[in-house]
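Heads up, the thing below is written out as structure tokens.
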Amino acid sequence: MGQIHLSKVTKSFGDVEVIPPLDLQIDEGEFVVFVGPSGCGKSTLLRLIAGLEDVTGGQVMIDGQDATTMPPAKRGLAMVFQSYALYPHMSVRKNIAFPLRMAGLDKAEQDRRVAQAADVLNLTDYLDRRPGQLSGGQRQRVAIGRAIVREPAAFLFDEPLSNLDAALRVGMRLEISELHKRLATTMIYVTHDQVEAMTMADKIVVLQAGVIEQVGSPLELYRSPRNTFVAGFIGSPKMNLLGGTEAAKHDARTIGIRPEHIAISSESGDWEGVVGVSEHLGSDTFFHVNCPAFAEPLTVRASGEIDLKYGAKVFLTPDPAHLHRFDDKGLRLG
Amino acid sequence: MATQHSRSAARLMMAPAVILLLGWMLIPLTMTLYFSFKKYLPLRGGDLGWVGFDNYVRFVSSSSFWPAVATTLIIVGGVLFITLILGVLLALLLDQPMWGQGVVRILVIAPFFVMPTVSGLVWKNMFMDSNNGFLAHLWRAFGAEPVQWLSQASLPSLIMIISWQWLPFATLILLTAIQSLDSEQLEASEMDGANWLNRFGFIILPHLARAITVVVLIQTIFLLSIFAEIFVTTAGAFGTKTLTYLIYQRVLESQNVGLGSAGGVYAIILANIVAIFLMRIVGKNLDA
Ligand SMILES: Nc1ncnc2c1ncn2[C@@H]1O[C@H](COP(=O)(O)OP(=O)(O)OP(=O)(O)O)[C@@H](O)[C@H]1O
Ligand SMILES: [Mg+2]
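Chains as they are written, first to last, in the numbering used here: chain A, 10 to 343; chain B, 100 to 387.
This is how it looks when you write it as structure tokens:
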């Protein structure tokens, strides 16, 4: 259970086509992350799968069944919203039990499943509180609890962590990954945070303006981005994308080299430059180096031990094994 | 902010308003209390001295007293019932995206702009008149005998007129409340398998509780003292005499200020009983 297939799915709001024809296969038990810049149609795509939005064209198949016109409740999917969407006038217990109550389960079974979910999510002490009396992280857990009890074919998350502070976000990220391992249920997760995408996903779907730019495992996307958009989007800090004569030397319109694949030295190297701003993270230092050969400054990662002053003259050497080449349409070469 | 100094300054600046309001309330209240213990007949000898609780006893022992209390409560209850049910339905309807929404909303609010006297007269003469009224024509069109609305069904007719006037108020308050409902909650409940009725009962109605409380409290305050609509339609005949109307008759028609004042004090007591009662059952919705 939990296989989703989209074929030629399109979505328009009025005259505006938000999603041009799109095909996507999501396999059972996979953790799929949709990433992309704001407004690229991630939420829309998720809502199409959930059935909260009608497709304009194409077909949605869930577990081999045509679900294109099925109402949301019949699809067997559970969704966790960005705003949590908890029912404010019900206790946590009633919130979690709500889908079971709607399904007409008897009281004993409801209690059993709620207790089980509360146990998994550490909510047992809060069952009689109202959502308004919980912290952001606890509310998030209640929303997940409400999704779990239904034992859905797949979970849909729409930026579930974006309202939490950085520390809590890391914690919840782990909890959700942990939950996925334990339940082995398909999960579709929308985010615009590429760190979340890299750390959690089995499969990342990179979207831009409703178009799938690339689908693959985090490492596939990192090692061989299909085009300059994916190259710039995946990885932190961003890949350096360089044009001009240096690129022409490699028979390409654009070459890409990640900050971690450039060696920095004060004696000799391929490109000469001047150190600009440096960002010290302790373990690593990111230098922004201005090279006369390129219009944009390059970002270079170096070990935290290396200390270079602002304005120091340096030499950079890219690692040829990790050089990415792109043609004039921005597509990957070789 | 709340230093000693700023607090006393705030008190000083609020004083005029508070004094004005107190005067506004206290002077009429004191005068009503004062007259209620007097035999005061302006056209038949004027102030005839103190009579103790005589006016109070006479007002209650009058055969019109309990029917008037009952009529008042029936009108308030009936209008609340109708405006709340129709108000919720209309608010749900107006919340739907539809063609000409702006115009429809203004039309729905329109009755609220009509003066009570005018609306009473319009209903009496244009709708409920048993010869030429619109409803009479409608009844005849179906071959039925026209109803003598204001005499045969006086209370329901009045409730209908007053409900028509207050429906916009209820609708407006409930509509703003419905619009403030987070649509993700509805979507979440839809995914949780709630059908339309479940969504209404478990999500929309609880969300509206506070707005309903406000509508009930405000309408009750105004409906307890409803007057113009009765004055221009039945003039208190056919069992439509409310407590307010009874007081009016005692003071102006019988020219007995003392007796009317005693009635006024009873009206205050009734209003407070109703208010306390309402606060108890719905008031807890306001804090939360
Ligand atoms: N109901 C709607 N009517 C019209 N246009 C809409 C509607 N919902 C979304 N859109 C448009 O569709 C596009 C995609 O929106 P969507 O909400 O899917 O973006 P997103 O990728 O989730 O962005 P974010 O990361 O900011 O949440 C946007 O350009 C948006 O303006
Ligand atoms: Mg979104």
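For each residue, glycine too, the CB sits at the ideal point set by N, CA and C.
These numbers come from a predicted model, not from an experiment.
Do you know how far the Cα of proline 268 of chain A is from the Cα of leucine 290 of chain A?
14 Å
Does DSSP put phenylalanine 326 of chain B in a helix, a strand or coil?
coil
Check the Cβ of glycine 292 of chain B against every Cβ in chain A and list those closer than 7 Å, keeping chain order.
Ala82, Pro108, Met111, Ala112
Hey, is serine 52 of chain A close to ligand 2, as in C-beta under 7 Å from one of its heavy atoms?
yes
Put glycine 145 of chain A into one of helix, strand or coil per three-state DSSP.
helix
In three-state DSSP terms, what is glycine 285 of chain A?
strand
Strictly by DSSP, which residues pair up with tryptophan 149 of chain B?
B/Lys137
List the residues that DSSP assigns as beta-bridge partners of threonine 263 of chain A.
A/Phe335
Between which two residues does the alpha helix (DSSP H) carrying leucine 273 of chain B extend?
For leucine 273 of chain B, the enclosing alpha helix (DSSP H) stretches over residues 253 to 278.
Name the chain B residues whose beta carbon is nearer than 7 Å to that of histidine 98 of chain A?
Pro305
Starting from leucine 86 of chain A, trace the beta strand (DSSP E) in both directions and tell me its first and last residue.
Going by DSSP, leucine 86 of chain A is part of the beta strand (DSSP E) stretching over 86 to 89.
For ligand 1, I want to know if phenylalanine 22 of chain A counts as a neighbour, meaning its beta carbon is within less than 7 Å of at least one of the ligand's heavy atoms.
yes
Going residue by residue through the stretch 31 to 67 of chain A, where are the continuous alpha helix (DSSP H) segments of at least 4 residues, counting only ones entirely within it?
51 to 59
If you draw a straight line from the alpha carbon of valine 156 of chain B to that of valine 150 of chain B, how long is it in whole angstroms?
11 Å
Does any residue of chain A have a CB that is nearer than 8 Å to the CB of alanine 287 of chain B?
yes
I need the boundaries of the alpha helix (DSSP H) containing phenylalanine 180 of chain B, first residue and last residue.
164 to 194
Thinking C-beta only, is glutamate 39 of chain A closer than 8 Å to lysine 212 of chain A?
yes
From the beta carbon of isoleucine 302 of chain B, is the nearest beta carbon of chain A less than 8 Å away?
yes
Can you tell me where the alpha helix (DSSP H) holding serine 21 of chain A begins and where it ends?
From DSSP, serine 21 of chain A is part of no alpha helix (DSSP H) but of the beta strand (DSSP E) over 13 to 22.
Under the three-state reduction of DSSP, which class applies to alanine 272 of chain A: helix, strand or coil?
When DSSP states are grouped into helix, strand and coil, alanine 272 of chain A belongs to the strand group.
Can lysine 318 of chain A and valine 284 of chain A be called in contact, C-beta distance under 8 Å?
yes
Does the beta carbon of threonine 88 of chain A come closer than 8 Å to any beta carbon on chain B?
Threonine is not the amino acid found at residue 88 of chain A; the sequence shown has methionine there. Chain B has a Cβ within less than 8 Å of the Cβ of methionine 88 of chain A.
To the nearest angstrom, how far is it from the Cα of leucine 132 of chain A to the Cα of isoleucine 105 of chain A?
11 Å
Alpha carbon to alpha carbon, what distance is there between lysine 138 of chain B and isoleucine 375 of chain B?
32 Å
In the structure shown, what three-state DSSP assignment does arginine 159 of chain A receive?
coil
Just grab the DSSP bridge partners of proline 7 of chain A for me.
Coverage of chain A is limited to positions 10 through 343, which leaves residue 7 of chain A absent and any answer about it impossible.
Is any beta-carbon of chain A found at less than 8 Å from that of glutamine 284 of chain B?
yes
Answer with buried or exposed for threonine 129 of chain B, where buried requires no fewer than 16 other C-beta atoms within 10 angstroms of its C-beta.
exposed
Are the C-beta of aspartate 281 of chain B and some C-beta of chain A separated by less than 8 Å?
yes
Does alanine 7 of chain A get closer than 8 Å to chain B when you measure Cβ to Cβ?
There is simply no residue 7 of chain A to check, as chain A begins at 10 and stops at 343 in what is shown.
Which residues in the same chain as glycine 338 of chain B place their Cβ atom closer than 8 Å to its Cβ, once the five residues preceding and following it in sequence are excluded?
Listed in chain order, the non-local C-beta contacts of glycine 338 of chain B below 8 Å within the same chain comprise Pro166, Thr170, Ser253, Leu254, local neighbours out to five positions each way being set aside.
Answer with buried or exposed for threonine 102 of chain B, where buried requires no fewer than 16 other C-beta atoms within 10 angstroms of its C-beta.
The residue in question, threonine 102 of chain B, is exposed, as its Cβ has fewer than 16 Cβ neighbours within 10 Å.
At a cut-off of 7 Å, would you count serine 47 of chain A as near ligand 1, judging by its Cβ distance to the nearest heavy atom?
yes
Check whether the Cβ of asparagine 297 of chain B lies closer than 8 Å to any Cβ atom in chain A.
yes
Determine which residues share a DSSP beta bridge with leucine 165 of chain A and list them.
Under DSSP, leucine 165 of chain A forms a beta bridge with A/Met88, A/Ile197.
Between aspartate 316 of chain A and alanine 94 of chain A, what straight-line distance do the alpha-carbon atoms span, to the nearest angstrom?
49 Å
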